[in-house]
Amino acid sequence: MSEEFSVSLTPPFSPYFTENPELGGSEHCNPPRFSCTQDTARDGGKSFPFDSYLTSGSLKRLLLKLDPSPTDYETDTIEIFGFQWVTETALVESTELLFGLLRQKINALESLNQPLSFDFGHIVYAHQFINLFGKNLTNVSLFEEHCENLIYGLIALAAGKYSKVRPSEAFVSQIYPCMCIKEMWVLIIQLVDHRSKGSSLEGFWGLLSTMLRKLFQGPGGTDVHYICNVVKCKDTLGLCWWIVAHLSPLYQLDRNGNPEERISIPSNWKFVEELLKRSIDVQAGILEDQLRMYLQCCLSLCDLWEANLTAATILWDYYSKNLNSLFNISWLGLKSLATVSKTPFSMLEMVKTCCADEHSPDLYKSDNSYLIFLRIIACLMKKAKQSSGIHPWKQIKGRIYSKFHQKKMQELSEVGLQNFFTLFLLLATLAETEDVTSRVLDLLHFLIPSMLSSSQKTLVWRGHFAFILIYVEKNMDIAVLAEKLSNSFRETAKEFLVSKGDYGQKHTHWSLLSSYVDGVQEVFETSNFLQLSEEKLLNYGFSMFLPACRESELSAVLHFLQTAVSRLRNIHSRAAQGHGNAGFQVPVLSVAKERHLAVAAALWRNFFPFLKSLRLSQTPPSQLADTAAGYTLLALDIPSSAPPELQPQPFVSMMQLFGWDDMVTPQLVSRYLSHLIANRTLTEALDGIGNAAYQALTIRTWFRCVLQMYVDQPVGVNVRTDTEQILSEQFGELTRLVFKLPEVENMFIKAQIEPASYKQDIKCALLQFFKVVGIVYSSLQTLYEKSAMVSKCLEYSGDILKYVKPYLTKKGPVEGLQITYRTVGYLVRYWASILATSKAQQLLFRIIDYLLLPHALFQQDKGLPAAMLSAVRESLPLFLQGLSIISRQSQVQAAYVKQQLKTIIEQYFGRFLPSTPQALNAGNHPILLALCDSVQSPHTANLRKIVMKVINDSHLQFKGQTPPPRLASVLSFIVDVFQRSRIVEAADAEFLLPAILKCIILVNEPLVRKLSTKALQHVVEGCREVPQGEAVSYVSCILRQFIQEYLWMYDYQIFSILETLSVLDQSLVTDLIPTISESLKMSEHKRGLGRNAASREAYKRLLSHLGELGQNELQALENERPSS
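See below:
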């Protein structure tokens, strides 16, 4: 063979090998190998590559003493090192040649920078060769030596990786650099444990523990094991935890490398106990960041291994001495700070998290080491309880209880108390709840209240509530716990009440009281049936401290109260319907009603008197409406629980107090009613007891709320846009609900009007409502129906002057005055027929006296403020039109109403009349707007007649030759009336024409003469259009009187006027010829100077324009003999 190898490096075929083309195409399986690469598609989702020792089944067959590769050598030829060999004779006939090639391959592998996985395949045949001799190995120590060396190497690899990993990332980082190393660990575990069965050899955990213990010797020294010089790691303890924690899950893999669930995993608690003792060794100076990682590894082992309470007691010995520690990590920042639970619920949730079966891999940052310790206790206790029953709890209970005594309890800081409660809450959750709770109460008696800080007292109360929550969740009665805690609450509430001036002391007490309120709220939210004596938590302490609360404090209590009432109502409703929560036994209905009655009575007794006292406040808390609404529905659901003062119909009494009382603020009322009107159960109950008046009361309240929108706004400051929007939103919902009341809907149907969008402006909605009511009243036929409707409308409006009195008294704000006058103006205008009745007479007179003709209007030294005048100006047309209707339809006092209307016009015509016609608002006089209604009606004509008479009597009367003030503006107003209305009444000529003629002849001001001429032209032309010639007769009569009275003095001006009139209406002037001629002769006679040639010439000029009759009179004048 050596000669063959020396001659040629190309190995010859075996002399028994015959060339066969079919052999070249034969397939055979590749031998198993280590591989770092994994192809998911090729490997079929296996944990290891398909050709690995595990997946291929090689290990399993080997352990079963079967051929590990039964199909590897079934072909006639085999490829070794790139050459084909005869399978049966290769190792026999070519041994030296094969080992020579093997040495070449080994040298090639050693010279590689990074070994490639596929190169390992070249030595597989050598493995098979060695295996032939390995079957004959009987030296056990040699096997152990090889395993130890391999494990040492693997530990060294793990140490190299561990040194590069942060403690925060160690648990989630694998110890395997690659897949083949992981497979190698699995192979060693399986092989060592297999060899140890039925023999005295150590199992894998024993072998590994022995090796890891040697690491603690440290490098250097003569007796030190060589591994200490090979494995370089600063944190040897952490490395041991890391290796054990990551190797333990490998026991979940079977001999084929597949995960196997529900198998008993061998534990290594003995070594882990050693690690725990080293981890909590004070002298070792273990830091929190290291301890968290150690315990996280320990927790993962607790999940996998059987229970071992010794581990828990080892850790408890450490933590019982360090309960006051913060257990924080400086470099983690806020995440690592020890936090005290803010609520009992959060405290209990933290405990429940510790008891959970699943643990987040990010525990290092989310939990401190103490919380991880609690997770370990929870895990061990649950496992021990499953395997051994109650005995393990008794074992660990003594260890924990014995560490607490009077001195220990008094030494606890706030953090210590938090840790104390967290521990015992966990024990109460997992073990005997009553026993643990009783022990906690006994231990808390050791605390001296005077030595506790405010935060410590608050924490003690939260801890109490957390235990109550456990009782509630386990459906256990809380009477004993609740009474002890509520007694402390009552004493603190009393101290809070008497410390009104001491703000520091009050703040200290409030922190306690607020924690109590939060705790009670969480109890109500957690309880499924409210039949565990929850009413014991509601005592007189609430009645004592509520009056001393500030706004923010009161808001918190009212929020709790809403929650409690709502929760009680919902549970009571479910109980009445026979519904319950799955997993809990539903109490008997009679028992549930009794318990709910007790809770409801406590809510009424301890809270309602204070709520009732708040309702008349000018600035009630915003949540009062919500709370009162909840109590109203509670009175509906459990009426017998309400106090005697509200009986026999407590929910109706509640609505009277908070919804229909005119003394309650609009914001409170609107929010309160918005909750209730939408509640079908309540409205059906009101209908069921025959209380149909609730709709009228609700409409009246809505009416008042709209009027008093701005009652709280300061005077002299304009309401901001955002405030206006908030107010509109508050009352918008009430408006929408009012429009859905059956009464309102029926009126809209009768009026055949579609209600506008519910999102419209509430002021427009009110106007629409007035219009609909007016239309419905006008459609009624019988006197009985009309009388009933008037009574209903008076219910709707209520004491309207009382509602707006704050605005009138303060004379503001501007928005309040505007909405007052506009709303009442709408009412007078569209309810005029209703106000004309005797029933509404008093309301009408009060509106006139308080809004239109107040006393200040007649006091020259005072007068009305500008804001009020502006509001009157805007709404005066509505008032005037409405009063005009009333003056014509009033059943009684029609003359009085007409006189008042005349007085109103007299007072405001001049006030709103501009100084000159060219003023900016000259054409927007409110009386002008009232007269120029788009549709001329009898009431408009009536109003116009009164207005024109007032103008004539008060603003067109000359004092001798002196014209009245602002004459041009008055005439401009008259012209505007004629132009806009395009109608002239006979009354216009009767009242205005004499004054207009006097303005033309007596005033030389061009503007006055121009406006007077325009007015005269409108009168003459308008009268000509009046049927039956009545108006023309008035004009003719007035002109005749005017000529007779003034021709002798103002002949030229009169003839000029008559010339102008002749152009407009020749017949009118022609009829006046006899009067003119006679008046001319009379004027000449009075002078005694004979004929007035100038006058006669002017007269002749006039006659020349009057046709045939003019010519005849002209001829008569010329033929007239001179008088002697």
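Using this note's numbering, you'd call the opening residue of the sequence shown number 1396 and step up by one each time.
The C-beta atom is built at its ideal place from N, Cα and C for all residues, glycine as well.
Smallest Cα separation from Val1983: which of Met1939, Ser2012 and Gln1926? The count along the sequence shown starts at 1 and reaches residue 1983 at position 588. Selection Met1939, Ser2012 and Gln1926 evaluated against Val1983 yields Gln1926 as nearest (Cα-Cα).
Hey, which unbroken runs of the alpha helix (DSSP H) at 4 residues or more fall wholly within the region 1573 to 1611? Counting only runs of 4 or more, we get 1574 to 1591 and 1599 to 1610.
Under the three-state DSSP convention, the category Glu2380 falls into: Along the sequence shown, one-based indexing puts residue 2380 at 985. Glu2380 falls in the coil class under three-state DSSP.
Helix, strand or coil for Gln2044 per DSSP? Here residue 2044 corresponds to residue number 649 of the sequence shown, with the count starting at 1. Collapsing the DSSP output to three states places Gln2044 in coil.
Using three-state DSSP, classify Trp1856 as helix, strand or coil. To locate residue 1856, count along the sequence shown from 1; it is residue 461. It is helical.
Distance, Cα to Cα, Cys2394 vs Leu2102? Here residue 2394 corresponds to residue number 999 of the sequence shown, with the count starting at 1. Here residue 2102 corresponds to residue number 707 of the sequence shown, with the count starting at 1. Put simply, the backbone Cα of Cys2394 is about 47 Å away from that of Leu2102.
Helix, strand or coil, according to DSSP, for Gln2254 in the structure here? Along the sequence shown, read from residue 1 onward, the residue named residue 2254 stands at position 859. Coil at Gln2254, not helix or strand.
Ile1386 to Phe1860 span [Cα, whole Å]: There is no way to answer for residue 1386, as the model of the chain reaches only from 1396 to 2519.
Measure the alpha-carbon distance for Leu2019 versus Ile2341 and round it to whole angstroms. Position 624 of the sequence shown, counted from the start, is the residue given in the question as residue 2019. Position 946 of the sequence shown, counted from the start, is the residue given in the question as residue 2341. So the two alpha carbons sit approximately 53 Å from each other.
Give me the residue from Pro2038, Ala2183 and Asp2156 with the minimum Cα distance to Ala2091. To locate residue 2091, count along the sequence shown from 1; it is residue 696. Comparing Cα-Cα distances from Ala2091 to each of Pro2038, Ala2183 and Asp2156, the minimum goes to Ala2183.
Contact criterion: CB-CB distance below 9 Å. Does Leu1956 meet it with respect to chain C? Any reference to chain C falls outside this structure, which holds one protein chain only.
Same chain, Cβ closer than 6 Å to Thr2335, five either side skipped, listed in chain order: Taking the sequence shown and counting its residues from 1, the one referred to as residue 2335 is at position 940. Only Asp2328 meet the Cβ criterion.
C-alpha distance - Leu1812 paired with Ser1881, whole-angstrom precision: To locate residue 1812, count along the sequence shown from 1; it is residue 417. To locate residue 1881, count along the sequence shown from 1; it is residue 486. If you take the alpha carbons of Leu1812 and Ser1881, they lie about 20 Å apart.
Inter-residue spacing [alpha-carbon to alpha-carbon] between Val1986 and Glu1878: In the sequence shown, residue 1986 corresponds to position 591, counting from 1. In the sequence shown, residue 1878 corresponds to position 483, counting from 1. For Val1986 and Glu1878, the distance between alpha carbons rounds to 21 Å.
Check whether the Cβ atoms of Gln1685 and Ser1695 sit closer than 9 Å, and answer yes or no. Residue 1685 sits at position 290 when you count from the first residue of the sequence shown. Residue 1695 sits at position 300 when you count from the first residue of the sequence shown. The Cβ atoms of Gln1685 and Ser1695 lie no closer than 9 Å to each other.
How would you call Lys2197, buried or exposed, if buried means at least 16 neighbouring beta carbons within 10 angstroms? Mapped onto the sequence shown, residue 2197 falls at position 802. By the beta-carbon neighbour count (other beta carbons within 10 angstroms, threshold 16), Lys2197 is exposed.
Hey, Ala2363 and Ile2281: beta-carbon distance below 9 Å or not? Here residue 2363 corresponds to residue number 968 of the sequence shown, with the count starting at 1. Here residue 2281 corresponds to residue number 886 of the sequence shown, with the count starting at 1. No Cβ-Cβ contact shorter than 9 Å links Ala2363 with Ile2281.
Where the alpha helix (DSSP H) through Phe2304 begins and ends: Position 909 of the sequence shown, counted from the start, is the residue given in the question as residue 2304. From DSSP, the alpha helix (DSSP H) with Phe2304 extends over Ala2289 to Arg2306.
Count the C-beta pairs between the region 2107 to 2116 and the region 2154 to 2171 that are closer than 8 Å, then say yes if the count reaches three, no if not. The answer is no - the region 2154 to 2171 does not touch the region 2107 to 2116, with fewer than three Cβ pairs under 8 Å.
What are the uninterrupted segments assigned as alpha helix (DSSP H) that are 4 or more residues long and contained completely in the region 2034 to 2102, given in chain order? Correct list: 2045 to 2053, 2061 to 2072, 2075 to 2083 and 2088 to 2102.
Of the choices Lys2293, Leu2338, Ala1640 and Ala2261, whose alpha-carbon is the least far from that of Phe2307? Indexing the sequence shown from 1 puts residue 2307 at position 912. The shortest C-alpha to C-alpha distance from Phe2307 to any of Lys2293, Leu2338, Ala1640 and Ala2261 is the one to Ala2261.
Stretch pair the region 1799 to 1808 + the region 1734 to 1742: three plus CB contacts closer than 8 Å: The region 1799 to 1808 vs the region 1734 to 1742: no contact.
So Val2370 and Ala2410 are supposed to be a Cβ contact under 8 Å. How far apart are they, rounded? For the purposes of this step, residue 2370 is taken as residue 975 along the sequence shown, with counting starting at 1. For the purposes of this step, residue 2410 is taken as residue 1015 along the sequence shown, with counting starting at 1. Ala2410 and Val2370 do touch by the CB rule: their CB atoms are close to 5 Å apart, below 8 Å.
Give the secondary structure of Val2106 by DSSP, where H, G and I count as helix, E and B as strand, and everything else as coil. Here residue 2106 refers to the residue found at position 711 of the sequence shown. Of the three classes helix, strand and coil, the one that applies to Val2106 here is coil, per DSSP.
Tell me the DSSP secondary structure of Leu2397 in three-state form. Counted from its first residue, the sequence shown places residue 2397 at position 1002. The three-state reading of DSSP puts Leu2397 in helix, counting H, G and I together.
For Pro2309, verify whether its CB is less than 8 Å away from any heavy atom of the ligand PLP. With respect to the ligand PLP, the structure offers nothing, as it holds no ligand at all.
Lys1665 and Ile1709 closer than 9 Å at C-beta: For the purposes of this step, residue 1665 is taken as residue 270 along the sequence shown, with counting starting at 1. For the purposes of this step, residue 1709 is taken as residue 314 along the sequence shown, with counting starting at 1. Going by C-beta atoms, Lys1665 is not nearer than 9 Å to Ile1709.
Under a Cβ-count criterion, where at least 16 other Cβ atoms within 10 Å of its own Cβ denotes burial, should Phe1937 be classed as buried or exposed? Numbered from 1 along the sequence shown, position 542 holds the residue referred to as residue 1937. Phe1937 comes out buried.
Apply the 10 Å Cβ neighbour rule to Ala1565 and answer buried if 16 or more other Cβ atoms are within range, or exposed otherwise. Locating residue 1565 in the sequence shown gives position 170, counting from the first residue. A residue is called buried once 16 or more other Cβ atoms fall within 10 Å of its Cβ, and Ala1565 is buried on that count.
Look at the Cβ atom of Glu1929, then the Cβ atom of Phe1919, and state whether they are nearer than 9 Å. Here residue 1929 refers to the residue found at position 534 when the sequence shown is read from its first residue. Here residue 1919 refers to the residue found at position 524 when the sequence shown is read from its first residue. Yes. Within cutoff.
Among the candidates Leu2041, Arg1608, Leu2129 and Gln2062, whose CA atom is the shortest distance from the CA of Leu2071? Locating residue 2071 in the sequence shown gives position 676, counting from the first residue. If we check each option's Cα against that of Leu2071, Leu2129 comes out closest.
May I have the straight-line CA-CA distance separating Glu2124 from Trp1856, to the nearest angstrom? Mapped onto the sequence shown, residue 2124 falls at position 729. Mapped onto the sequence shown, residue 1856 falls at position 461. Cα to Cα, the separation comes out at about 41 Å.
What number of angstroms, rounded off, separates the C-alpha of Ala2382 from the C-alpha of Val2372? Position 987 of the sequence shown holds residue 2382. Position 977 of the sequence shown holds residue 2372. Approximately 13 Å between the Cα atoms of the pair.
From the DSSP output, which residues share a beta bridge with Pro1654? The residue given as residue 1654 occupies position 259 in the sequence shown. Residue pairing by DSSP places Pro1654 opposite Leu1648 in a beta bridge.
Tell me whether Trp1600 is buried or exposed, calling it buried when 16 or more other Cβ atoms sit within 10 Å of its Cβ. Translated into positions along the sequence shown, residue 1600 becomes position 205. Buried, since its Cβ has 16 or more Cβ neighbours within 10 Å.
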